[in-house]
Amino acid sequence: MHIVDRRLNPGGKSLPNRQRFLRRVKDVAQRAVRESAREKDIKDLGKDGRISVPGDGVREPRFARQPGTGHQDYILPGNKTYVEGDRIERPPGGGGGGGAGEGGEGSENGEDAFHFVLTREEFLDLFLEDLELPDLAKRRLAVVETEGLRRAGYTVSGSPANLALSRTLRNSMSRRIALKRPKLEEVAALEAEIAAAEAAGDPRLPDLTSKLMELRERSKRIPYVDPIDLRFRRFEPYPKPIAQAVMFCLMDVSGSMTEHMKDLAKRFYILLHIFLTRRYKHVEIVFIRHTDKATEVDEETFFGSRETGGTLVSSALVEMKRIVAERYSPDDWNIYAAQASDGDNVSSDGPTSTELLRAHILPACQHFAYLEVGDENGPRAGFVEHRTTLWRTYEALAKAGEPLAMRKVNHRRDIYPVFRELFGRKDARAEA
Amino acid sequence: MVASLSRTKSTAPAPGELLFSGNDWDFETIRRIHDACEAVAGPELGLSWYPNQIEIITAEQMLDAYASIGMPLFYKHWSFGKHFAQQEASYRRGLMGLAYEIVINSDPCISYVMEENTATMQTLVIAHAAFGHNHFFKNNYLFRQWTDAEGILDYLDFAKGYIARCEERYGHQAVEHVLDAAHALMSQGVHRYPRKKRPDLASEQRREREREEHGEQIYNDLWRTLPAKAGGQKGDPALERRRALLELPQENILYFLEKVAPRLRPWQREILRIVRLVAQYFYPQRQTKVMNEGCATYCHYRIMNALSQKGQLSEAAYLEFLTSHTNVIRQPNFDDRSFGGHNPYALGFAMMQDIARIVEQPSQEDREWFPDIAGTGDAMAVLRDCWENYRDESFIAQFLSPKLMRDMRLFHVVDDPDEPEMRVEAIHDERGYRKMRRSFARQYDVAWLDPDIEVVDVDLEGDRRLILHHKALNRITLQREDARRVLQHLADLWGYDAVLKEVDPASGAVLVEHTASARPLFF
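Each protein sequence line maps, in turn, to chains R and W. Okay, so the first sequence: first residue is 1 according to this note's numbering, each after it adds one. Okay, so the second sequence: first residue is 1001 according to this note's numbering, each after it adds one.
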């Protein structure tokens, strides 16, 4: 007899099976995920990975008899009152009546959905499937971007600023003890003794004096701190990926923005947030709202309150520039910005905004997305060709080759496709 | 990591000494438990078993094992992932408990036991699986005839590696198509009877000579003058020859495809063979569910009681054992909400106990019904003989006693769609016993339960269409949608059209006809 402890065996033995299963249902699963993204609050996206796929693709057909048809025999336990020849009515659910709906039953079975739970990872993987970071060439996450320094033990040479004092003194003390360097008190005591002997005319005086000479000699030969004791803190450079990102949400909150437009903007921001939290360890959000002047606010105020006033886009850009300069150095942070607006702007503000974007904002940003939110009912007839002030401003920039993505959105269901377009793979965008 | 303990000396404790106290156990406890069970199973019950290998696993590993139909290693396929997802979901939501053990028909016999089990439960599962099931696997004629306990793990290892290599060489998609198709035909991939040996030339010639000699000996010119039978035309000899060459009719469809499908490539045939052999390996288990569980349950019951009598189990442990034992053999009545058919544990255990009673304390009725075994005195000898030589169907047909039918209050209901109501055909009385026992046994006849489908012919000279017949028992046809899908898989493997006719065996009328054409998936 053998006893084998398998508990420590690597788990996940059926992981390859699960991967095959997911690959099999990928198309339908992806559709289901998109569906749930559309219907659920985007806030909760990915928290609950339960999805159901139509049973069709994962059906395992077998030759089996049509249940509930034909002549059936049942042997059942627990008879109480029946005797031979009794008649029993068919129970409503099973047994009889099956013959009627033969074909119908078959197709019903075919549509049986199969429910299963995706892990958050799998869910988002499907969700973000073919999205990739824009401008990856420059700062792909995996690629080393900056170098940091970190402590790496001690070294015997270095600059005085890096002297490791306690380590050095520890070495010095052990050396002094080992080599029996006379202690200061010892020398002082001997000197006192000599002074006393001199005064008393002690005959041991020459002895003591020679001993003192010896001690002094020894102290001189064995220094208190020797170069051999010195230790310096050692630092070594290491590649430091920028694992943090900041996301600027800019929004026009002037009276012309309806609740519907804000809702659209919000959904876009949340999607962006999910996207970023997936790529970066640490993501911060800055909310800047503006009318004709801009302020940084918290999330609730950002979406909740309404302001009145004109619209001056450059004010928000100035505010963003200030915050970037103060808190988010582009060397340490990946900066993403998404601006939502209904497109209104004071026409005189155009050149100012353009200049701000070109000179300050865009060079600092990984990505700048402009989302023009519109009425739920879509562009009114006759206004199809209408271009808003802001759109025209940005369009000029984009045409000049600046890394600026811009889209129009009218309905909630457009958000996801637009998001995919904005953050889609480079080649896909090149075609567009 | 494998921590294997080597055997040093027998550690079976003296009678009267507790095997363990409390719920905790370690490997030493497991060893003591195993040795104590062995001391009962060998001398007292006369069991014989493959060497035991007991493996401790976690709940997660148990789920893994579920996903690969209980085998320790298996090839990869999406359907196992699907089952895993299903089971994991219902396990996580607390809808499903996990088995305490899984036992594998291999030599050495591997029993997986869960680490969560208490010491009492470990004793129970070791007695149940490592001795009960193990004895059954080693001795039952079906297992001996159809399975190779020694080679199965090596074979599965080969299968896993082979399919993985195929995936690498021919791509996941291609392998998946073949496996999908093979799985769909899995239950039509078993030999139900031993095949006749292929005759060799020498014996064929000898038989031919003998036949001629015999014909000459009994030659009588009178026979020539008899008029030919009406319609007695012998079939077309070419057709006969073709059917003989193709071994038609053939009910093992996977075997047929593996051997004669014209367009399959060698690796595809090998995959069909793997699926077919796995199906064949599991076929005996389907036929012996009641007996297998009955045997194991009876063994654990005897062993646990013996241990308790020897003072090796504490009262608390014995009560814990009784609780789970009674849970296992619970049989709800037909009108109970939780009724879901017959519980094989309950039925098996009840029959084993009943047989022991008949052997040891028969009533007059038993002597009439079971003259061979009633009162012979050695219950274990009779039971061992049953376990060796029967399967569920024959076992029930032979040994279900009137007393047990009365105790279980069995009755037989017939649901005939032509009649407005269901009819009670028989109950547990003098007139009903035999009728009921016959129908009951038939419900455990796998060959009767599975639809009877066989390859009957191939149109070799025409469009190579494969012709299959389903003998629709009681005119029950196949589920259309599934039949269509399976037939599609079949046609894909065959490479040409396939037609499945559902035939009423009584009248020979064709009830339904399904057709499918091969898709260009494989070729």
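Idealized CB from N, CA, C, for every residue including glycine.
Item, Value
"Close beta carbons around residue 1192 (chain W), own chain, < 6 Å, minus the five adjacent residues each side", "1447"
"Residue 1225 (chain W), buried or exposed, once every other Cβ within 10 Å from all chains shown has been counted against 16", "exposed"
"Contact set between residue 1478 (chain W) and chain R, taken where Cβ atoms lie within less than 8 Å", "63, 64, 65 and 66"
"Bridge-paired residues (DSSP) for residue 341 (chain R)", "R:372"
"Buried versus exposed, by CB contacts within 10 Å (16 or more), residue 262 (chain R)", "buried"
"Alpha-carbon spacing of residue 1490 (chain W) relative to residue 1498 (chain W), whole angstroms", "7 Å"
"Which residues DSSP lists as bridging residue 1422 (chain W), in chain order", "R:88"
"Where residue 1093 (chain W) sits in the DSSP three-state scheme", "coil"
"Which of helix, strand or coil DSSP assigns to residue 1378 (chain W)", "coil"
"Own chain, CB closer than 8 Å to residue 1160 (chain W), minus 5 neighbours either side, in chain order", "1073, 1074, 1075 and 1076"
"Cβ separation of residue 1504 (chain W) and residue 1483 (chain W), assumed to be a contact under 8 Å, to the nearest whole Å", "With a Cβ gap of about 16 Å, residue 1504 (chain W) and residue 1483 (chain W) do not count as contacting."
"Reduced DSSP secondary structure (H/G/I, E/B, other) of residue 1136 (chain W)", "helix"
"Residue span of the beta strand (DSSP E) that contains residue 287 (chain R), given as start and end", "282-290"
"Proximal residues to residue 198 (chain R) (C-beta, below 6 Å), its chain only, five neighbours per side dropped", "none"
"First and last residue of the uninterrupted beta strand (DSSP E) at residue 168 (chain R)", "Per DSSP, residue 168 (chain R) belongs to no beta strand (DSSP E); it is in the alpha helix (DSSP H), 165-179."
"Within-8 Å CB hit, residue 26 (chain R) to chain W", "no"
"Three or more C-beta pairs below 8 Å linking the stretch 1034-1052 of chain W and the stretch 1136-1156 of chain W", "yes"
"Per-residue burial, residue 176 (chain R) [other beta carbons within 10 Å of its own, 16 or more giving buried]", "buried"
"Cross-strand partners of residue 1516 (chain W) (DSSP beta bridge)", "W:1498"
"Selection from W:1112, W:1369, W:1460 and W:1129 that minimises the alpha carbon distance to residue 1299 (chain W)", "W:1129"
"Collapsed DSSP secondary structure at residue 1186 (chain W) in the structure displayed", "helix"
"Beta-carbon contacts of residue 268 (chain R) that lie in its chain and below 7 Å, excluding the five residues immediately before and after", "338, 340, 371, 415 and 419"
"Reduced DSSP category for residue 1159 (chain W) - H, G, I as helix; E, B as strand; rest coil", "helix"
"Residues bridged to residue 1111 (chain W) [DSSP beta-bridge criterion]", "W:1054 and W:1103"
"DSSP bridge partner residues for residue 236 (chain R) (one or two, in chain order)", "R:150"
"At least three beta-carbon pairs within less than 8 Å, the stretch 1242-1249 of chain W to the stretch 1147-1162 of chain W", "no"
"Residue 232 (chain R) and residue 150 (chain R) closer than 8 Å at C-beta", "no"
"Inter-residue spacing [alpha-carbon to alpha-carbon] between residue 225 (chain R) and residue 184 (chain R)", "14 Å"
"Within-8 Å CB hit, residue 140 (chain R) to chain W", "Confidence in residue 140 (chain R) is poor, its pLDDT being 39 and thus under 50, which makes the residue's placement too unreliable to answer from."
"Terminal residues of the beta strand (DSSP E) in which residue 1467 (chain W) lies", "1466-1471"
"Within the stretch 1434-1464 of chain W, ranges of the alpha helix (DSSP H) (whole runs, at least 4 residues)", "1446-1449"
"Residues near residue 1067 (chain W) by beta carbon distance below 8 Å, same chain, minus five either side", "1080, 1081, 1083, 1084 and 1087"
"Any chain W beta carbon closer than 8 Å to residue 31 (chain R)", "no"
"Collapsed DSSP secondary structure at residue 74 (chain R) in the structure displayed", "strand"
"Local Cβ density within 10 Å of residue 1218 (chain W), reported as buried at 16 or more and exposed below that", "exposed"
"Residues bridged to residue 1370 (chain W) (per DSSP)", "Per DSSP, none; premise fails for residue 1370 (chain W)."
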